[in-house]
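Numbering (this note's numbering), first residue to last: 49 to 1085.
All C-beta atoms, glycine included, are put in the ideal place defined by N, C-alpha and C.
None of these values were measured; they are calculated from a predicted model.
First comes the structure, then the notes that go with it.
Put into structure tokens, the structure is as follows:
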């Protein structure tokens, strides 16, 4: 079975034939010459099968109209989105206006009428088209192309695309009609022809007629019990939005979002009855008739979903349900905004048949869907990662694309794996001796005493915070203890939404490498681990911010295996932690070599709260990933293992000593010690018992257990409250508070120019660096000198150019620098040479034609133009700085609404309509193309995309790209992979209160040599007000 792209799993039921959303392909080659085509129905006139140039086609008489027969029907087959394609033939003519083909989207002869919206037929001719409409306002469109003008016999290919409410028509790949708001939803189509020609033998007709309909998608949700992983319901998001309080209806559950396409219904009873299968149907008099039976739904024919539970959603047998199982939400915390409900659409092969009628399980690398006791379960998959290992290597870093928010896993594979594996029983005493399932984090006696003593400051604070919910606490910096009382910070606005405020943990990541700067954890893997941890922490209001990254390049340190378990804490001396720790941060050391006293390798561990310098760090093995990081941070904030017995006593299964034994959390069940041997498909299968012969029932989904990492996705309420208690009491418990640097760098200057000005491009001449500023309103250019510490200096030169010009970019040829301006309304282009003293030289004018909406420079070699509608053109840039010849032009759908960021030979193409960023290139013939490979979803709100590499302390450029939202002031930064694709997001200003004020629309990166080394900066401009913010970028490397 082939992969389903974009990290989703597709479940398809395909037995019953649908009426709506049908596809059609005409096959004229099998038709009989001179007969009416068998796949069509006659509306008016006459049509016969004829032949031209060796091809059979359907030939029209004057005034003929026919319509396709699809599954024995001639109506109600077009979906919301569809594509119609065909080849039409026009014979020899004496007048170009004498022959035409007419397309009608209709429920009648003269057009499709619905709510007084009337579109007239689309009249296609050999050189273009025209059409008109009457409502809601009269209008018309006409577009004929000179290059298609001919009186000779000719074939034309037609493509009609209706997607997301937009209608586009292409004629031989020329876009000839674009209606951005197509105010109708046709359900059928017809085609006809008219001949007003002096030639009696003139032919007009078509062949290869096809319809591809995309079924309408509805957002749906799968609600799953967090402990048992049983699917409790599959419902529409619209239903969920109607509920007053999800936490009361579905406590302790998680939700996966998805879509359903094709026909479906919702069970005809109240949502609150979903958990009550033995309900009764009531008649119209509100009298109970008899128990509800699934067979009450007669038509259409739905799948028998009682096979795997009694769920609300009823799909027809050819409906497709697509779920994103790689991002889960705590149901109780859901708020239905657009960001949380974005669902990745899938493409590729479908899974034939009603899958769960013949099979009991469906496996992906991360999840197994299985039917057990007539219910569907969504179980994390052990085989996706290193089974049998816990904190020594709980998960492996994977480099994956994030097509939608917060996905980091392998591409799912559809398969059939029997989940019923022979259970292996292991006793608690045996488990304690398994070193590969033992964590390195063990609190000292003194630290345990703090947790055990009800009069300790920690427990007093914990009792005080019991009066507040997690939603109240998230975002608070601290809770002070003054004169025996706890005091909340003044002027704190408690969060009213789980996504409004975040408790920020600033991370100082120390990466151990060889002296040649090799062998350490890659930045890409670091970003992936932190991102994965943030996905897991998100539902608890916690955000890890990579505040500082430092490298320790030392051969001796790198080659030393740090040992845990000998009570020496040797890493403190080996890594020189007292000097390397950064105050006000959570210091995490990423190392290659760790082991225990039994020489087992791959360990990670954390210190527990203490004011000692020896207890202010976390050691992470490079092979560990995000789930391990969450686990270790749990320790850092005072959480014990759920099976803790080293410093506490064994917790009783009945829980009567839960507050004084085990992990001290009464809402985590007693745990005998988990590992992959006694956890199958994230369900405990062990047979351990306590002294009273009671069986254990631990929670394999808890982060602080030793279950396989893919099972772990929750903290209990008590655990979260304890973590917040430790966080808010760091001043008392550890002796310091976190300090968060929320900006994208150090703000070194705020300049206020006149309205309209913005910084656009820097350039070097000799040993001096300059910044060109441009005024969008007046088309003026000013050249400023840049100071050695990056600030905007004095104005060196100024010129006023022709109005309505826009700044395009800059390029360099030899030692000379050039600026490019363009008037997109009339096609006027200007190339300005910069003089050797940084002043503006002469401008060379050019004319490149009309219809352009944006342009950019690539690799100092090409000028690429984007049309307002669709299409691109490429010009060369000559060695003397003049505009060269046009070497390519095409009619791709790319247009000026798309954003292209060009840097060196590389380009990033961002489409705000779908929110994806893709790698792009200029091919050898000069044509702009998108590169193959998976795109990266970065959301669809960005207005500016800028390549801004970060210089580290060694002068190396770290590839980096910045996205800016003008409307909110949000900034996100992504690293770029070795093949120049967008990688991991590592900075999000909205999570750390780091948004700049709205209105800034331009980011300009630049480097300045300060006498010792180059340092890099960005200027962020508000072209409306003229305000410019300048940041030094390399403050975190």
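In the DSSP assignment, residue 626 falls within the unbroken alpha helix (DSSP H) covering 625–628. Judged by beta-carbon spacing, residue 242 lies within the 9 Å limit of residue 147, meaning their Cβ atoms are closer than that value. In the pairwise beta carbon analysis, the stretch 642–653 is classified as touching the stretch 664–683: at least three pairs are separated by under 8 Å. Of the candidates 592, 1007, 1001, 592 places its Cα closest to the Cα of residue 581. Under the three-state reduction of DSSP output, residue 780 falls in the helix class. In this structure residue 685 does not touch residue 752 by the C-beta definition: roughly 11 Å separates them, more than the 8 Å allowed. Relative to residue 167, the option among 129, 200, 229 whose CA is nearest is 229.
If only complete runs of 3 or more residues are kept, the stretch 878–933 shows the beta strand (DSSP E) at 888–895, 900–906, 910–915, 920–925, in order along the chain.
Each of 748, 624, 787, 609 was checked against the Cα of residue 642, and the nearest Cα belongs to 609. By the Cβ test, the stretch 857–864 is not in contact with the stretch 827–845, since fewer than three Cβ pairs between them sit closer than 8 Å.
Taking a contact to require three or more Cβ pairs closer than 8 Å, the stretch 503–522 and the stretch 776–788 qualify as touching. With contacts defined by Cβ atoms closer than 9 Å, residue 996 and residue 1081 form a contacting pair. Sorting 711, 602, 987, 621 by C-alpha distance to the C-alpha of residue 495 places 711 at the top. Shown here, residue 718 sits in coil according to DSSP, grouped into three states, outside any helix or strand. The closest CA to that of residue 873, considering only 864, 883, 867, 850, is found on 850.
Around the beta carbon of residue 824, a 10 Å sphere encloses 16 or more other beta carbons of the protein chains shown; the residue is thus reported as buried. Residue 73 is classed as exposed because its beta carbon has fewer than 16 other beta carbons within 10 Å across all chains shown. Sequence-distant partners of residue 602 (beyond 5 residues in either direction) whose C-beta falls short of 7 Å from its own C-beta, in its chain, are 563.
For the 9 Å CB-CB criterion, residue 130 and residue 262 form a contact. Looking only at 844, 280, 877, the smallest Cα-Cα distance to residue 420 is reached by 280. Under DSSP, residue 860 shares a beta bridge with 865. When the Cα atoms are used, residue 511 and residue 767 turn out to be separated by approximately 13 Å.
Note on geometry: alpha-carbon atoms of residue 424 and residue 969 lie some 46 Å from one another. Per DSSP, residue 684 is one residue of the alpha helix (DSSP H) stretching across 674–684. With the rule of 3 Cβ pairs closer than 8 Å, the stretch 549–560 does not count as touching the stretch 1004–1022.
Here residue 522 is buried: its Cβ has 16 or more other Cβ atoms, across all protein chains shown, within 10 Å. Under the three-pair Cβ rule at 8 Å, the stretch 924–931 does not count as touching the stretch 942–954. Counting along the chain, residue 180 sits inside the beta strand (DSSP E) bounded by residues 176–181. For residue 775, the three-state secondary structure derived from DSSP is helix. In its chain, beyond the 5 residues on either side, 92, 93, 94, 95, 240, 241 have a beta carbon closer than 7 Å to the beta carbon of residue 112. Around the beta carbon of residue 368, 16 or more other beta carbons lie within 10 angstroms, which makes this residue buried. C-alpha of residue 574 to C-alpha of residue 1034: approximately 9 Å in a straight line. Residue burial is scored here from C-beta neighbours: residue 1005 has fewer than 16 other C-beta atoms within 10 angstroms and is therefore classed as exposed. Residue environment: residue 81 is assigned as exposed (fewer than 16 neighbouring CB atoms within 10 Å of its CB, all protein chains considered).
Here residue 1012 is bridged, per DSSP, to 992, 1019. A distance of 9 Å or more separates the beta carbons of residue 916 and residue 897.
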